[in-house]
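Visitor: What follows is a structure written as structure tokens; I'll ask about it next.
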Amino acid sequence: AAELCREAFEQSIREGSIATLTAICSLESFLAELVEGPQAALAKAMEAVEKAEQVGSATGRVVAYNALCRAYLANGLPEDSRKAGEHALTIMRERHPAEFLQPALLSNLAHACAACGDIESALELAAEAVDSSTRVGKSFSSLARTTLAHVLLLAKGASARGEILHLLDEAW
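So the mapping is simple: this note's numbering equals the position in the sequence shown, first residue as 1, plus 3.
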């Protein structure tokens, strides 16, 4: 997958497709986290944000800041993660680009809020992620449901057992 991304990256440079370049940089950030670790993911996400800001595409900016949100969280920087996620969400709500990505963005932001200790906001965002996953398509349905289950466990502990099990059953 990394090789395919690199080839697509080179092709987008040759063709001058900056929007595609931004999306590829964001995807590279997710792959880098899996293969090379969190610091590599952060570097790729920052590169994606830089390119997205150059282009000014609302979709590219949402995709890139979502990748940055996730990368900051993977690096143990929850406040920075939250700021990046909130910025992406603001763009999404004002301009309505990349709505298919809304459940993933809300899930990432919910994890950032939880890591910052703001469980109330995390619960609201995670519930919104589940709602949006039914509205915009099921691509991120499992992510949204497992995020809500995680936040419920943090918020309510064992008393939320039934609700958590139901969410996990729906997720898989």
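Positions of the beta carbon are idealized from the N, C-alpha and C atoms, including for glycine.
#1: Under a three-way DSSP split, which group does D83 fall into?
#2: Under a CB-based cut-off of 8 Å, is G120 close to chain D?
#3: Between which two residues does the alpha helix (DSSP H) carrying L168 extend?
#4: By the DSSP assignment, the alpha helix (DSSP H) with I72 in it spans what residues?
#5: Inspect the CB distances between the stretch 72 to 85 and the stretch 98 to 105 and report whether three or more fall short of 8 Å.
#6: If distances are taken between C-alpha atoms only, which option among A161, D172, R64, L76 comes closest to C119?
#7: Closer than 7 Å by C-beta to L92: which residues in its own chain qualify, once you throw out the five before and the five after it? Chain order, please.
#8: Spell out a yes or no on whether the stretch 148 to 157 and the stretch 119 to 137 are touching, meaning 3 or more CB-CB pairs, one atom from each, closer than 8 Å.
#9: Starting from D134, trace the alpha helix (DSSP H) in both directions and tell me its first and last residue.
#10: Leaving aside the five residues before and after A35 along the sequence, list all residues of the same chain whose C-beta is less than 7 Å from its C-beta, in chain order.
#11: For the alpha helix (DSSP H) that S144 lies in, which residues bound it at each end?
#12: According to DSSP, simplified to helix, strand and coil, what is G88?
#13: Between which residues of its own chain and L71 is the CB-CB distance below 6 Å, once the five residues before and five after are set aside?
#14: Is DSSP giving P100 helix, strand or coil here?
#15: Short check: CB of S144 to CB of W175, under 8 Å?
#16: Give the straight-line distance between the Cα atoms of G165 and E173, rounded to the nearest whole angstrom.
Guide: With the given structure in hand:
#1: D83 falls in the helix class under three-state DSSP.
#2: In the structure shown, chain D cannot be found, because there is only a single protein chain.
#3: 164 to 174
#4: Contrary to the premise, residue 72 reads as Cys rather than Ile in this sequence. Per DSSP, C72 belongs to the alpha helix (DSSP H) from 61 to 77.
#5: no
#6: Nearest to C119 by C-alpha distance, out of A161, D172, R64, L76, is L76.
#7: L108, L112
#8: yes
#9: 122 to 139
#10: A43, A44, K47
#11: 144 to 159
#12: DSSP places G88 in helix when its eight states are reduced to three.
#13: A48, V52, A87
#14: In the structure shown, P100 sits in coil (DSSP, three-state: anything other than H, G, I, E or B).
#15: Going by beta carbons, S144 and W175 fall outside the 8 Å limit.
#16: 12 Å
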